[in-house]
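This report refers to the structure that appears directly beneath it.
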Amino acid sequence: MNCLECGGIYMEKSGNYELVDPYVGKIIIQGVQYYQCDKCENILYSEAMAQAIESERNKRIREILSQFPISDFISAAETASILGISRQALHKNRRINHGFIYQTKICGLTVYLKQSVQHYKKTGDGRFPLYFHGYSLFTEYLKDTIPVRVSPVYDRYPRTIKSGSPFAKGIHVNPKEYNYAN
Numbered sequence: 002m003n004c005l006e007c008g009g010i011y012m013e014k015s016g017n018y019e020l021v022d023p024y025v026g027k028i029i030i031q032g033v034q035y036y037q038c039d040k041c042e043n044i045l046y047s048e049a050m051a052q053a054i055e056s057e058r059n060k061r062i063r064e065i066l067s068q069f070p071i072s073d074f075i076s077a078a079e080t081a082s083i084l085g086i087s088r089q090a091l092h093k094n095r096r097i098n099h100g101f102i103y104q105t106k107i108c109g110l111t112v113y114l115k116q117s118v119q120h121y122k123k124t125g126d127g128r129f130p131l132y133f134h135g136y137s138l139f140t141e142y143l144k145d146t147i148p149v150r151v152s153p154v155y156d157r158y159p160r161t162i163k164s165g166s167p168f169a170k171g172i173h174v175n176p177k178e179y180n181y182a183n
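For the sequence shown, this note's numbering assigns the number 2 to the initial residue and increments by one for each residue that follows.
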């Protein structure tokens, strides 16, 4: 297959592929096949790789959204009233169903991230980079001391954590049970 940009030939490659998603940060896809131009190094994704990227992106969004406090989410009725539409129109809106507003399910109820709803009302796209708000997997972004971030809007726990603490080791600890004096 020839490259449309430079006329080179796409060569099939396989293995790990790393890309930076604008909303969830770095994504590593393992063991997939893709095509790379031998001249300009342009990448052409196979169908399996495109599906793997999409599933990994959705998985990361769910993981990051699960770290937000429940107070940052609003119900469908509140979302509809903010947007000025009915609940039925909210649930049938294709853009919203395809992820233009961050949403998750809590106890079988679909809830929407309030900041995303407000951003959607202003711009028509409620997506924003989630990884800038300090929500990420523990193993990827550990440093010697990390600040505890609970909400992208405010710092509830502004203290720093020592490198030997359970937080830095990636163990989930309830902040009410953790003794900061240690």
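Every residue, glycine too, gets a C-beta built ideally from N, C-alpha and C. Quick caveat: nothing in here was measured; it's all calculated off a predicted structure.
Assigned exposure category for residue i - 16 Cβ within 10 Å defines buried
| i | result |
| --- | --- |
| ALA90 | exposed |
| LEU20 | exposed |
| GLY32 | exposed |
| ILE107 | exposed |
| CYS7 | exposed |
| SER67 | exposed |
| LEU114 | buried |
Counterpart residues of residue i in DSSP-defined beta bridges
| i | result |
| --- | --- |
| CYS38 | TYR11 |
| LEU45 | TYR36 |
Residue span of the alpha helix (DSSP H) that contains residue i, given as start and end
| i | result |
| --- | --- |
| ILE83 | 77-84 |
| LEU66 | 48-67 |
| TYR121 | 115-124 |
| LEU91 | 88-93 |
Extent of the continuous beta strand (DSSP E) to which residue i belongs
| i | result |
| --- | --- |
| ILE107 | 104-107 |
Contact belief for residue i with residue j at Cβ below 8 Å, rounded distance in angstroms
| i | j | result |
| --- | --- | --- |
| SER47 | GLN34 | 5 Å |
Any chance the segment 77-95 sits against the segment 34-54, with 3 or more Cβ pairs inside 8 Å? no
Cβ contact (3+ pairs, closer than 8 Å) linking the segment 118-133 and the segment 22-40: yes
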